[in-house]
Each structure stands twice: as structure tokens, then as C-alpha cells.
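So the sequence shown is numbered by the UniProt record's numbering: it starts at 1 and just counts up by one.
Quick reminder that beta carbons are idealized off the backbone N, C-alpha and C, glycines included.
This report refers to the structure that appears directly beneath it.
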Amino acid sequence: MMKGLKKWRFLALLSALTVFLSACGEKDLTTLSPAGQVGKDQHNLLLLSLAIMTLVIVVVVIIYVLVIMKFRRKKIGENVIPKQVEGSMKLEIIWTVIPIILLLVLAVPTVYYTYKLADTKAMEGSNKEKQAEVVTVNVTAKLYWWEFEYPNQGIVTSQELIVPTGQKVYFKLKAGDVKHSFWIPSIGGKMDTNVENVNKFYLTFDEESKDLKEGVFYGKCAELCGPSHALMDFKVKTVAKDDFDSWVTKMKATKDRKTLGSVEQQGEAIFKQSCISCHATSGAGAGTGIAPNLATFGDRTRIAGILEHNDKNLKNWIKDPQAYKEGNMMPKPEKINNGKAFTDEELTALSAYLMSLTVEN
């Protein structure tokens, strides 16, 4: 009776896991359906290692079963001792050489792709004209947000990474506070961002993201960094080269952007009195690393990387950021507004102004 119950428990657990795991594999957030050459190379290595492990397991199980079947006491008797093979030179060579061969089969392509991925000479080239054609992104990870600076294009953004398809995009990774890790599961990676040194690698983006669920690939921090580590997301928009160049031009133009509408202008005035010391609203220039750049805030798909992009969530985030991302560095309004919370009218104006910061509409 108990054995039957245990079997049913196992089947119930397996069924539950099947339901939960069925949500895995979304195109915008899975390593099993890579959308870039680096991800495909890493996926092939994963399949190779899985095949080797499966082969080893199958061979061991077969030998185990054969030995059990052949040398059962019922078959050979109680007092029969099988032939002893201890010290057999032939067997010693076999089970030494085979693991070495398997390790070499796995090690050679692993070392090859490791060095291939680390080849970032193109972004350090001496020819400035050719270097300017390379898309390099300086990534700075902070608690709990991401800054993306494009030094060759002279622009900066935060939380949403925009990259062209069909070419290598080079990354320089660093952390501004504690160790983080940069990872775009569907594209490839991951690599640590450290405070004391810069890590470099490249990725390729083969598919445009416009047809995905929210029009973006998801990026993650893959290193436990604090209480809101699980909420440290960023989004990746992959576009054609011409669209990327157009976006760069629009980003440069944000330094001369004029605010239209009386409510938006009221919000801009409030922003300049309370928020401008940390946040920039121009995408031109270099990153400050103090707080997220808001030049494209109206184009984002999420607020604070996690909340649905709408007016209500934006107001709630401004009023109490700690309620949504514990440990983040954004202060409550009282600390930047002369000890007073923003009124509903001020929040409405601020929200309207921030939502108007767009380069795509």
C-alpha cells in the first residue's frame, strides 16, 4: 500500500514540475532557443556536454545491469567466485584512455570558443575611423539598475539597451558598487561586472526583437547582489542597422529637446527643482553613474525594470521606491522636496513630463 502511495506522490510531483517548467522557454528569456551566434555556440557546447554525460551514464548503466544479470547467485551458485581482473593492464588502459578522449572532445571546443569570445581587439583598434564604426557599450551595473554608454556614438541610456542586428556588439563591463553579472539568456553571456576591473566580450544579435511579446529580450543580473537582486532586470531592443543609426541621431538631439504642453512644463519645473541633481534627461554625452538616465523614459516597456509602464505605477514608484525595490538608492520625495511629499497635482505633472521623454514617437 505504501509503495503505491509513494509512486503516486512521485507522479504528482513530476506532473507539477511539468506544469511549472512549461512556462520556461519563452523566446525573449531562454538559453534553449538562442537568437545570436554566441548563444548558439554556447548552446552547442551544452548539447555536446549533455551528449557525453548521457553516453557515460548509458554505458555505466548497461555494464551495471549486465553484471547484475550475469553474476546473480541463483545463476552461478553460492560458492562461485567470478574471475578476478584486479591489476589488468588492458582494463587499466581502457578506463584511463576513454575518459581522456571524452575530456578532450569537450575541452577543445570549449577552449576555442572561450578565446573566440574574448577577442575584443576591434574596439581597441588604432584606426579611429574603423573604431568609430564598431558599436561598443560601456555597461555600468548599480543597485539595482543598468547604465549603457555608447562612447563611439556619444550617447547614453539606462535600463533599455538598443543594439543593431547582424554585427558584433562589444561590451566593457564594470560595477559601480558591488559585484553584479551581465546576462542576456537568449543572446549569450554571462559575465561578471566587478568594481576593481573591466571585463570585455562581445555578443551578436541575429533577430530583431519587435515581434517578441513586449518587443524586447530580457537581460538579468546573474550574481546575488542584495535584497532586490531578482528585480535587477534590463530590456534589450534589437533593431536593423539603419534603425539603430536613426535612433542614435534622435538620442543626440535630446540635448535640445523642448517640452510641450502646460502640464508637462509644470512637471519639468518640479523635476529641475528636485530630481535633476541625480537624473539626466539628455541622451547626449557620457554617463554619470549617479542615477538612471531618463532620456528615453517614455519609450521604456517597464518602470524601474519591473512595473507595467503606466501613469499609476510611475506615481507609486516616485512616492515610495523602497516598497518595490528594497535597498535601491532612490530617495523618497521628502528628501528632495524640502521635507514634503509630492501632492497629487505634482505627481500628475511629473508623470506627464517623464512620459513625454521619448525618441521613438
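List the whole-angstrom C-beta distance separating residue 147 from residue 328, where the pair is believed to meet the contact cut-off of C-beta under 8 Å.
For the purposes of this step, residue 147 is taken as the residue at position 147 of the sequence shown. For the purposes of this step, residue 328 is taken as the residue at position 328 of the sequence shown. In fact, because the Cβ distance is near 14 Å, the residues do not count as touching under 8 Å.
Are the Cβ atoms of residue 347 and residue 325 separated by less than 7 Å?
Here residue 347 refers to the residue found at position 347 of the sequence shown. Here residue 325 refers to the residue found at position 325 of the sequence shown. Contact: no.
In this structure, does DSSP put residue 23 in helix, strand or coil?
Translated into the one-based positions of the sequence shown, residue 23 becomes position 23. Note on residue 23: pLDDT 48, under 50, position unreliable in the model; the coordinate value appears next. Residue 23 falls in the coil class under three-state DSSP.
What three-state label does DSSP hand residue 192 in the structure shown?
Along the sequence shown, read from residue 1 onward, the residue named residue 192 stands at position 192. DSSP places residue 192 in strand when its eight states are reduced to three.
For residue 115, which three-state DSSP category applies?
Position 115 of the sequence shown holds residue 115. Reduced to three states, the DSSP call for residue 115 is helix.
Going along the chain, which residues of its own chain have a beta-carbon closer than 6 Å to the beta-carbon of residue 333, five neighbours each way excluded?
Counting from one through the sequence shown, the residue named residue 333 turns up at place 333. 341 and 342.
Take the Cβ of residue 55 as the centre, count every other Cβ of all protein chains shown within 10 Å, and call the residue buried at 16 or more, exposed below.
As a first step, residue 55 is located in the sequence shown; it is residue number 55 there, counting from the start. The residue is exposed, with fewer than 16 neighbouring Cβ atoms inside 10 Å.
Mapping DSSP to helix, strand and coil, what is residue 443?
What is shown of the chain runs 1 to 361, which leaves residue 443 out entirely.
For residue 95, is the classification buried or exposed, using 16 other Cβ atoms within 10 angstroms of its Cβ as the cut-off for buried?
For this step, residue 95 is matched to residue 95 along the sequence shown. Residue 95 is exposed by the Cβ-count criterion.
Please confirm whether residue 270 and residue 349 have their CB atoms less than 7 Å apart.
Within the sequence shown, numbered from 1, the residue matching residue 270 stands at position 270. Within the sequence shown, numbered from 1, the residue matching residue 349 stands at position 349. It is a contact, given that the beta carbons lie within the stated cut-off.
Below 7 Å CB to CB, which residues in the same chain sit around residue 194 once its five sequence neighbours on both sides are set aside?
Counting from one through the sequence shown, the residue named residue 194 turns up at place 194. Correct list, in chain order: 174, 175 and 179.
Whole angstroms is fine: what's the gap from residue 233's alpha carbon to residue 182's?
For this step, residue 233 is matched to residue 233 along the sequence shown. For this step, residue 182 is matched to residue 182 along the sequence shown. Answer to the nearest angstrom: the Cα atoms are 10 Å apart.
Quick one: is residue 22 buried, meaning 16 or more other Cβ sit within 10 Å of its Cβ, or exposed?
As a working mapping, residue 22 is identified with position 22 in the sequence shown. With a pLDDT of 49 at residue 22, under the threshold of 50, the predicted position of this residue should be treated as unreliable, though the coordinate-derived value follows. Residue 22 comes out exposed.
Does DSSP classify residue 180 as helix, strand or coil?
Here residue 180 is taken as the residue at index 180 of the sequence shown, counted from 1. Three-state DSSP puts residue 180 in a strand.
Taking 7 Å as the threshold (C-beta atoms), are residue 295 and residue 254 in contact?
Along the sequence shown, read from residue 1 onward, the residue named residue 254 stands at position 254. Along the sequence shown, read from residue 1 onward, the residue named residue 295 stands at position 295. Closer than 7 Å, so yes.
Please return the same chain residues whose Cβ sits closer than 6 Å to the Cβ of residue 311, not counting the five positions on each side in sequence.
What you label residue 311 is simply residue 311 of the sequence shown in a count that begins at 1. 351.
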